[in-house]
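*Asks:*
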Amino acid sequence: MNTLRKKREAILAFIVVAIILLVAVRAPEYLAGNNIANILSNWGFLVILVMGQLCVLLTRGIDLSQASVLAFSGMFLALLSQAMPALPSALYIALAILMGTALGMINGILVALIGIPAIIATLGTMTIIRGLIYVLSSGVWISSHEMSGPFKSFPASALLGVPTVFLVAVVVTLVFWMLLDHRRTGRDIYAYGGNPDAARNAGVSRVRIEILVYALSGAAAGLCGYLWAGRYAIAYTQAAEGREFAIIAACVIGGVSITGGRGTVLGACLGALFIAIVETALPFLRINPFLQLAVIGAVILIAVAANARAERRPGRQILPRTMPSAGTSS
Amino acid sequence: MEDLAPLLEVSELTKHFGGVQALNGVSFRAYPGRVLALIGENGAGKSTIVKCLTGIYTPTSGTISIGGDVRFFSRPQDAADAGISAIQQEPSMFDELTVAENIFVGAQPRGRLGRVDWAAMRAGAASVLDEIGSDVAPDAIMKNLSVAERHMVSLAQALSTDSQLIIFDEPTAALSQAEIRHLYSIIESLQAAGKAIIYISHKFDEIFRICDDYSVLRDGELVGEGRIADVTGEDLIALMVGRTLNEIYPKAEAQIGEDVLRVTGFSHPTEFNNVSFHVRKGEILGFYGLVGAGRTEVMEAVFGLKDRSDGSVFLDGVPINITKPVDAMRSGLAYVPEDRQRHGAILPFSISSNISLPQLKKVARSIFLNQAAEDDLVDDFAEQVSIRATSWRQPVAELSGGNQQKVVIGKWLATNPSVIILDEPTKGIDVGSKSAVHETIGQLVKAGLAVILVTSELEEALGISDRLMVMAQGRIVTEFERSAFSSEAVVAAAAQGVA
Amino acid sequence: MKIGALGPWELGLLVLLGAVVALNTWLSPYFLDIYNLIDSTLSFSEKALIALPMALLIIAREIDVSVASIVALCAVVMGVAAEAGASIPALVLISMATGTLAGGLNGIIVSALGVHSIVVTIGTLSLYRGIAVSIVGDEAYTRFPSGFSWFGQHYLGNYIPVEFAIYFVATIIFGIFLHTTIYGRQIYAIGTNPEAARYSGVPVTRYRVVLFALTGFMCGIAAILLTSRLGSVRLNIATGWELQVITMVVLGGVGIAGGTGTIVGVTLAVFLIGLLTFGLSLINVPGIVMNIYIGLMLISAIALPRAVQALRKRVSTSR
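Structural data, given as C-alpha cells:
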C-alpha cells in the first residue's frame with residue numbers, strides 16, 4: 164500500500180535477522196531449542212501487550228496502565244486458583260480477558276466521557292491498580308506450589324516445542340489484524356486518529372472508538388497477566404513494573420506514531436521482536452547484562468530519529484512539478 | 005424554473021455566535037439540474053451557510069428542506085444522509101489513508117462476515133475517479149497528493165455517496181487552467197445528471213460561464229437573487245458591496261520616498277522561485293494572487309519564519325541577514341500573519357499581554373515585567389488602532405474577529421517598524437473593522453512606513469495599492485504600476501499558470 | 005498570573021490540604037508535632053525540587069519522563085567520583101553538570117527531531133538509567149566524603165532540614181521567575197500557542213533546550229540530596245520518581261495541554277501529597293497503598309471540575 168512504510172518494515176525485519184545471525188555466529192547456543200522457545204515466549208508476551216497499545220496510540224492516546232493491569236489480573240487469578248483449585252484453564256483465560264476489559268474500560272470512560280488527558284488518566288489508574296494488587300494480596304507472593312495445576316498447565320505448556328504463550332500471541336495478532344485491517348471499526352480507528360474532526364464529520368463516534376481501544380488494551384493486558392503468572396508460576400505486587408515503557412518503545416520502533424493515525428500490526432510485531440531479541444541476546448554476547456536497558460534506550464532514539472526523518476516534508480508543492488528547480492525530494 | 009420543484013429550500017436561516025449575527029433570515033432555493041452561484045464578499049456569511057447545510061453548525065432558527073421535507077442536521081452525518089455534500093476549499097482528509105479509503109470512509113463496502121472488501125473498495129474508487137476523469141490512483145496515500153488531486157478525491161467522495169446537492173466552495177482557487185476546464189466539464193455532467201449544485205466563487209468569469217442562478221449575500225443577509233442571464237457583473241458587484249468601490253477603498257495620499265526594503269532572488273525548493281521585489285517609504289505594495297500562489301510563504305521567508313534556499317534582503321541598501329524572526333524584528337520589519345487565530349494572537353492572553361509580547365524587554369525593569377510600563381505601551385497602540393474592548397485585560401478570545409485583527413496590528417505597530425507586512429489583514433472581518441484597518445494602513449504610509457499588503461481580494465488590491473505584484477505558482481508573474489491597474493489584466497495574470 | 009492570586013484550583017487544593025491536616029490530626033496524636041511535620045518534608049523535598057522545573061516544562065507543552073533516570077545517572081557518576089576521591093564541591097559540581105548535560109541532550113533531541121518530548125524522553129529514560137545501571141551493576145557506592153551527609157541529614161538551627169531549606173528557596177526563585185519575569189511570560193506564551201509565540205519572535209527552540217537543561221540541573225541537585233541522605237547509591241535509586249513528580253505537577257493544576265498552572269498550585273499539591281503520605285504512614289499504611297489515595301486524588305482532581313462544567317453546560321443548554 165505504502166512503499167515507504169513497507170520499506171521501513173523491511174529494513175526493521177532485516178536488522179532483526181542481522182542481529183540474530185550476528186549473535187548466533189558469536190554464540191551458537193543462542194539458537195538452541197530451549198532458548199528459541201524462550202525468545203518466542205518473550206516476544207509473545209510483548210506482542211499481546213503491544214497489540215492493545217497500538218490501538219490506543221492510533222487514536223492519539225497512550226495507556227500507561229497495561230503493566231499494572233497485567234499484574235492485577237495475574238494476582239487475582241492466582242489467588243482464585245489457590246482458593247478454588249478445581250477451575251479449568253479455559254475459565255482463567257475468559258476471566259483474564261473480562262477483567263482486563265473492565266479495567267481498560269475505566270480508562271476509556273475517564274478519557275472519552277470525562278475528557279481527562281490519556282497520559283494523566285492512565286498514570287492515575289496505573290498507580291491505583293498497582294496499589295490494589297497489594298490490598299488484594301496483602302503484599303504476599305503467590306508462588307508455584309500455591310497455584311493449582313490447571314492454572315499453570317496451559318501457560319507453561321508447549322506445542323511441538325513452541326510455547327503456548329507464543330501461539331496465543333499469534334492468535335491475538337490475527338484477531339487484531341482482522342479488526343484493524345478488515346473491519347470498519349478498525350478503519351474508523353485509523354481515520355479517527357488521523358483526523359478526529361474529519362472522522363466525526365464522516366460519522367465516526369469518538370466515544371465509541373476511545374472506549375473500545377482502551378478496553379482492547381486492557382483485555383490484552385489482562386490476558387497477558389494470566390499467561391505471565393502461569394508461565395513464571397509467580398504472582399506478586401511488582402510484577403512487570405516498568406514494562407509499560409518497553410511496550411511503548413516496541414510500538415515506536417515498529418513505526419507507530421505517538422501522534423496517532425499511523426502504525427501497522429506488522430510493524431508493531433517487528434518492534435516487539437526487536438526488543439525481545441535485544442533483551443535475550445545481550446547475555447549471550449557476554450555484554451554487561453545491565454547495558455540492555457541503555458541499548459534499548461539508544462535504539463528507541465534511533466528509531467524515533469529515523470521515523471522523524473522519513474516523515475519530514477519539504478513544504479507545500481506550489482511550484483509546478485515540471486520546473487527543474489522543483490525537482491527535490493519526492 | 006417555477007415549474008420545477010426545488011431540491012433544496014432554505015428559509016429564514018439565522019445563525020448567531022454569541023453576540024455576533026452571522027446569518028440573518030436568509031432564504032434561497034436550489035433546483036435539480038441547475039447551478040446556483042452563492043456570491044458575497046469575505047465574511048458575508050457564505051461559509052456559515054455551507055456549514056449549516058453540511059451539519060457542522062446548527063442554525064439558531066430557520067429551516068432547511070430537501071425535496072419538500074424539513075430536515076434537521078444535528079451532525080454532519082445527517083446532512084450526508086440527506087444527500088448533501090460539500091467540496092471544501094481545502095478538503096480535510098485522512099492523510100495517512102489511501103485515496104480509496106478516503107472516498108469510502110465510514111461506508112466501506114463490506115463482504116462476507118462484515119469484512120471490509122478491499123478489492124471492491126479499490127474498484128469502486130477507481131470507477132468514481134474515472135467518472136470524473138481523474139488519474140489519481142486509488143492506492144495512493146492521501147498525503148502525497150497535490151491540492152488539485154485532493155479536490156478530485158473530495159469530489160469523488162461526494163459522488164460515491166450519490167449526493168443530490170453538491171456544494172463547491174471556491175474550488176478553482178488552487179487549480180491550474182487545465183484543471184479548471186476539467187472541473188467545468190464535470191459540473192456540466194453533474195448538472196445533466198440532475199444534481200443540484202451550489203457554486204461559491206469570487207471569480208465572475210466562471211460564475212457567468214457555469215452558473216444558472218445567483219443569490220447574493222451581504223453582512224449575513226440576502227440582498228438579491230435571480231437568473232445569471234439577467235444581470236451583469238457590475239450589477240452583482242453593486243449588490244455585493246452595496247456602494248461604489250471608492251467609498252470603501254479610499255486611497256490614502258502619501259509621499260513616496262526612497263527604497264526601504266529590497267528582496268532579491270528568494271527561492272525555496274518547492275514553494276517559490278526567484279522572487280524579487282522592493283518597497284519604498286510611504287508606499288503600499290500589493291501582492292495579489294490566487295489562494296496558494298505562494299505569497300504567504302515568501303513573506304514568512306522574508307520574516308525569518310521559513311528557511312530559503314537562496315536570496316538576499318537589503319534594508320536601506322544594506323544587506324541584512326535574516327534567519328529567525330528576531331533578526332527581522334531588529335531590522336524594523338513586522339509581519340501580521342494571515343491566520344490570526346493560529347499565528348497572530350494568543351487568544352487566551354489579554355489584549356495587553358498580546359501587544360507587549362514581541363518586545364517584553366521594553367516593558368520590563370531588567371528582567372521583571374513592569375505593569376505600568378506595559379499599560380502605557382498598550383494605551384498608546386490599542387488606542388491608535390481603535391480596539392473596542394471592555395478593558396485591556398480582556399482576553400483576546402472574547403473579541404470579535406475585527407478587533408482581534410486590530411490587536412495583532414497594534415502589537416506590531418508597537419514595535420515601531422519601518423516596514424510592515426500585512427497578510428490578508430481584512431480576511432473574515434466585518435465591514436466596519438475592514439474600513440478601520442484600511443484607515444490605519446493609510447495613516448501608516450502617511451507616517452512614512454512602507455506597507456506590503458498581501459490580499460486575495462481584487463477590489464482591495466486595486467483599491468489601495470500603489471504598486472501591485474502578481475504571483476502565480478510560486479513566482480512573480482507581473483508587476484503593475486497604479487496607472488496601469490485593470491481588473492481584467494490582474495486577474496488574467498494571477499490565473500496564468502502552466503496548463 | 006500574579007503570585008498572590010489564588011485561582012479556584014489553588015483554593016480547592018487549600019481546602020483539601022485543610023481536610024488532610026484535620027483528618028490526620030484526628031487519626032493520629034503524633035501528626036501535629038512540629039518536629040515530626042518538618043521531618044516529614046524529607047520524604048518529598050527531593051521530588052518536589054524536580055516538580056518545579058517540570059511545571060515549567062509542562063506549562064511550555066513539553067514533558068520529561070526521564071527525570072528519575074537522570075537522578076540515577078547523577079548519583080552513580082557522583083558515586084564513581086567519590087570512589088576516586090573527589091571532594092565535596094567537586095561532587096556537587098559533577099552532579100549538577102551531569103544533570104544539566106543529560107537534560108540539555110533531551111532538549112536538543114526534541115528540538116532537532118521535532119517529535120513529541122514524551123517519546124524522546126521514554127528513550128532517554130532507558131538510556132540514562134541503562135548507563136547508570138551498567139556502571140553500578142550489582143554493587144553499591146557507599147564511600148562518600150564524611151561531610152557529604154550534610155545536605156541530606158543536617159538540620160539548620162537544629163530543626164529545619166537543609167533539604168527543606170533548599171526546596172523552600174528554590175520554590176521562591178521559581179515562583180518569581182515564572183510569575184514576574186519576561187521569561188515566565190514567554191513560557192506561558194509558548195505553552196498557550198507555540199506557533200503564535202514563534203511568529204512574535206519568541207525563541208521557542210532555545211526555551212525548549214534551556215528548560216530541559218534546567219530540569220536536568222534540578223535533577224542533579226535532587227541527586228545530591230538523595231545520595232547524601234541515603235549515603236549509598238544502588239541501581240534502583242529513585243525508581244518511579246518520574247510519575248510521582250508528574251503527579252505533583254498535574255495535581256497542582258498545571259494543564260498537560262500547556263499554558264496553565266502556577267507555582268503556588270504545585271507547592272500546595274506537594275504539601276498535600278507530602279502530608280497525606282506522612283499522615284498515612286503514622287497509621288502504618290504501607291507506601292503502595294498510599295499510592296491508591298494519591299492516584300484517586302489525581303484523577304478526581306482533574307475529573308471533578310470537568311464533570312461540574314459538563315453538568316453546568318447541560319443545565320444551561322436545557323433552558
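Protein chains in written order, with the working numbering: chain Z, 164 to 493; chain A, 5 to 503; chain X, 5 to 323. Note that CB positions come from ideal geometry on N, CA and C, so glycine has one too.
7 Å is my cut-off, CB to CB: does residue 323(X) come that close to chain A?
*Replies:* In the third sequence, residue 323(X) corresponds to position 319, counting from 1. In this prediction, residue 323(X) has a pLDDT of 45, which is less than 50 and means its spatial position is unreliable; nothing more can be read from the coordinates.
*Asks:* List the residues of chain D whose Cβ lies closer than 8 Å to the Cβ of residue 129(X), in chain order.
*Replies:* Annotation note: the requested chain D is absent from the structure, which comprises protein chains Z, A and X.
*Asks:* State the start and end residues of the unbroken beta strand (DSSP E) segment that holds residue 19(A).
*Replies:* Indexing the second sequence from 1 puts residue 19(A) at position 15. Here the beta strand (DSSP E) through residue 19(A) covers 12 to 21.
*Asks:* Note the first and the last residue of the continuous beta strand (DSSP E) segment covering residue 340(A).
*Replies:* Stepping through the second sequence from its first residue, residue 340(A) is reached at position 336. 337 to 340 is the extent of the beta strand (DSSP E) around residue 340(A).
*Asks:* So, under 8 Å CB-CB, residue 47(X) and residue 281(X) are touching, yes? Tell me the CB distance rounded to an integer number of Å.
*Replies:* In the third sequence, residue 47(X) corresponds to position 43, counting from 1. In the third sequence, residue 281(X) corresponds to position 277, counting from 1. So it is a contact: roughly 6 Å between Cβ atoms.
*Asks:* Drop a sphere of 10 angstroms on the beta-carbon of residue 155(A), count the other beta-carbons inside from all chains shown, and report buried for 16 or more, exposed for fewer.
*Replies:* Position 151 of the second sequence, counted from the first residue, corresponds to residue 155(A). Buried, because 16 or more other Cβ atoms sit within 10 Å of the Cβ of residue 155(A).
*Asks:* Are the region 232 to 241 of chain Z and the region 374 to 389 of chain Z touching by the rule of at least three beta carbon pairs closer than 8 Å?
*Replies:* The region 232 to 241 of chain Z is in contact with the region 374 to 389 of chain Z.
*Asks:* Please classify residue 442(A): is it buried, with 16 or more other beta-carbons within 10 angstroms of its beta-carbon, or exposed?
*Replies:* Here residue 442(A) is taken as the residue at index 438 of the second sequence, counted from 1. Buried is the call here.
*Asks:* Give me the Cβ distance between residue 58(A) and residue 88(A), rounded to the nearest whole Å; I'm assuming they're in contact under 8 Å.
*Replies:* Counting from 1 along the second sequence, the entry for residue 58(A) is found at position 54. Counting from 1 along the second sequence, the entry for residue 88(A) is found at position 84. Rounded, the Cβ-Cβ distance is 6 Å, consistent with contact.
*Asks:* Cβ closer than 7 Å: which chain X residues qualify as neighbours of residue 362(A)?
*Replies:* What you label residue 362(A) is simply residue 358 of the second sequence in a count that begins at 1. Chain X residues near residue 362(A): 204 and 205.
*Asks:* What three-state label does DSSP hand residue 227(Z) in the structure shown?
*Replies:* As a first step, residue 227(Z) is located in the first sequence; it is residue number 64 there, counting from the start. DSSP places residue 227(Z) in coil when its eight states are reduced to three.
*Asks:* Does any C-beta atom of chain Z lie closer than 7 Å to the C-beta of residue 2(A)?
*Replies:* The question about residue 2(A) has no answer, for chain A in this structure spans 5 to 503.
*Asks:* Just the Cα atoms here: how many angstroms apart are residue 411(A) and residue 464(A)?
*Replies:* Numbered from 1 along the second sequence, position 407 holds the residue referred to as residue 411(A). Numbered from 1 along the second sequence, position 460 holds the residue referred to as residue 464(A). If you take the alpha carbons of residue 411(A) and residue 464(A), they lie about 21 Å apart.
*Asks:* Should residue 446(Z) be labelled buried (16 or more other beta-carbon atoms within 10 Å of its own) or exposed?
*Replies:* Working through the first sequence from its first residue, we reach residue 446(Z) at position 283. Answer is exposed; the Cβ neighbour count stays below 16.
*Asks:* Could you give the residue range of the beta strand (DSSP E) that holds residue 73(A)?
*Replies:* Counted from its first residue, the second sequence places residue 73(A) at position 69. Here the beta strand (DSSP E) through residue 73(A) covers 73 to 75.
*Asks:* Between residue 289(Z) and residue 380(Z), how many whole angstroms is the CB-CB distance? I'm expecting something under 8 Å.
*Replies:* Position 126 of the first sequence, counted from the start, is the residue given in the question as residue 289(Z). Position 217 of the first sequence, counted from the start, is the residue given in the question as residue 380(Z). So it is not a contact: roughly 12 Å between Cβ atoms.
*Asks:* List, in chain order, every chain X residue whose beta-carbon is nearer than 8 Å to that of residue 455(Z).
*Replies:* Looking up residue 455(Z) in the first sequence gives position 292. What residue 455(Z) touches in chain X: 134.
*Asks:* Does the Cβ-Cβ distance between residue 2(X) and residue 99(X) come in under 7 Å?
*Replies:* The first residue shown for chain X is 5 and the last is 323, placing residue 2(X) beyond what the model contains.
*Asks:* Consider the Cβ of residue 150(A): report whether some Cβ of chain Z lies at a distance smaller than 7 Å.
*Replies:* Sequence index remark: in the second sequence, residue 150(A) carries index 146 (1-based). Yes, residue 150(A) counts as interfacial toward chain Z.
*Asks:* For residue 6(X), count neighbouring C-beta atoms within 10 Å of its own C-beta (all shown protein chains included) and say buried if the count is 16 or more, exposed if not.
*Replies:* Looking up residue 6(X) in the third sequence gives position 2. Reliability fails at residue 6(X), whose pLDDT of 45 lies under 50, so the model's placement of it is uncertain and no value is given.
*Asks:* Based on the DSSP secondary-structure assignment, which residues constitute the bridge partners of residue 114(A)?
*Replies:* The residue given as residue 114(A) occupies position 110 in the second sequence. Answer by DSSP bridge pairing, in chain order: 120(A).
*Asks:* Measure the CB-CB distance between residue 59(X) and residue 274(X) and report whether it falls below 7 Å.
*Replies:* Counting from 1 along the third sequence, the entry for residue 59(X) is found at position 55. Counting from 1 along the third sequence, the entry for residue 274(X) is found at position 270. No; because the gap between Cβ atoms is not below 7 Å, this pair is not in contact.
*Asks:* Quick one: list the residues of chain X neighbouring residue 372(A), beta-carbon separation under 9 Å, in chain order.
*Replies:* The residue you call residue 372(A) lines up with position 368 of the second sequence. Neighbours of residue 372(A) on chain X, chain order: 180, 184, 185 and 186.
*Asks:* For residue 247(Z), count neighbouring C-beta atoms within 10 Å of its own C-beta (all shown protein chains included) and say buried if the count is 16 or more, exposed if not.
*Replies:* Counting from 1 along the first sequence, the entry for residue 247(Z) is found at position 84. It counts as exposed.
*Asks:* Under 7 Å, do residue 34(X) and residue 286(X) count as touching if we go by C-beta distance?
*Replies:* Along the third sequence, one-based indexing puts residue 34(X) at 30. Along the third sequence, one-based indexing puts residue 286(X) at 282. In contact: residue 34(X) and residue 286(X) (Cβ atoms closer than 7 Å).
*Asks:* What residue ranges within the region 340 to 368 of chain A form continuous alpha helix (DSSP H) runs of no fewer than 4 residues, ordered along the chain?
*Replies:* Runs found: 355 to 360.
*Asks:* Run the CB neighbour count on residue 401(Z), radius 10 Å, all protein chains shown included, and call it buried at 16 or more, exposed below.
*Replies:* Taking the first sequence and counting its residues from 1, one reaches residue 401(Z) at position 238. Its Cβ having fewer than 16 others within 10 Å, residue 401(Z) is exposed.
*Asks:* Quick one: what does DSSP say residue 494(Z) is sitting in, helix, strand or coil?
*Replies:* In this structure chain Z extends from 164 to 493, so residue 494(Z) is not present and cannot be described.
*Asks:* Taking 8 Å as the limit between beta carbons, can you name the residues of its chain near residue 428(Z), skipping five residues before and five after?
*Replies:* Counting from one through the first sequence, the residue named residue 428(Z) turns up at place 265. Hits under 8 Å: 214, 217, 336, 339, 340, 343 and 344.
*Asks:* Can a CB atom of chain X be found closer than 7 Å to the CB of residue 70(A)?
*Replies:* Numbered from 1 along the second sequence, position 66 holds the residue referred to as residue 70(A). Cβ-Cβ to chain X under 7 Å: no for residue 70(A).
*Asks:* Grab the span of the beta strand (DSSP E) containing residue 143(X) for me, first residue to last.
*Replies:* For the purposes of this step, residue 143(X) is identified with residue 139 of the third sequence, where counting begins at 1. Looking at the DSSP string, residue 143(X) is not in any beta strand (DSSP E), and its letter there is neither H nor E.
*Asks:* Are at least three pairs of beta-carbons, each pair with one atom in the region 450 to 461 of chain Z and one in the region 137 to 152 of chain X, less than 8 Å apart?
*Replies:* Flag = yes, the region 450 to 461 of chain Z and the region 137 to 152 of chain X touch.
*Asks:* Entirely within the region 421 to 481 of chain A and at least 3 residues each: give me those beta strand (DSSP E) ranges in chain order.
*Replies:* Runs of the beta strand (DSSP E) inside the region 421 to 481 of chain A: 423 to 427, 454 to 459 and 471 to 476.
*Asks:* Tell me the residue span of the beta strand (DSSP E) that contains residue 263(A).
*Replies:* Along the second sequence, read from residue 1 onward, the residue named residue 263(A) stands at position 259. Residue 263(A) -> beta strand (DSSP E) spans 263 to 271.
*Asks:* When burial is assigned at 16 or more other CB atoms within 10 Å of the CB, is residue 409(A) buried or exposed?
*Replies:* For the purposes of this step, residue 409(A) is identified with residue 405 of the second sequence, where counting begins at 1. With 16 or more Cβ atoms within 10 Å of its Cβ, residue 409(A) is classed as buried.
*Asks:* From residue 489(A) to residue 466(A), what distance separates their C-alpha atoms?
*Replies:* Along the second sequence, one-based indexing puts residue 489(A) at 485. Along the second sequence, one-based indexing puts residue 466(A) at 462. So the two alpha carbons sit approximately 7 Å from each other.
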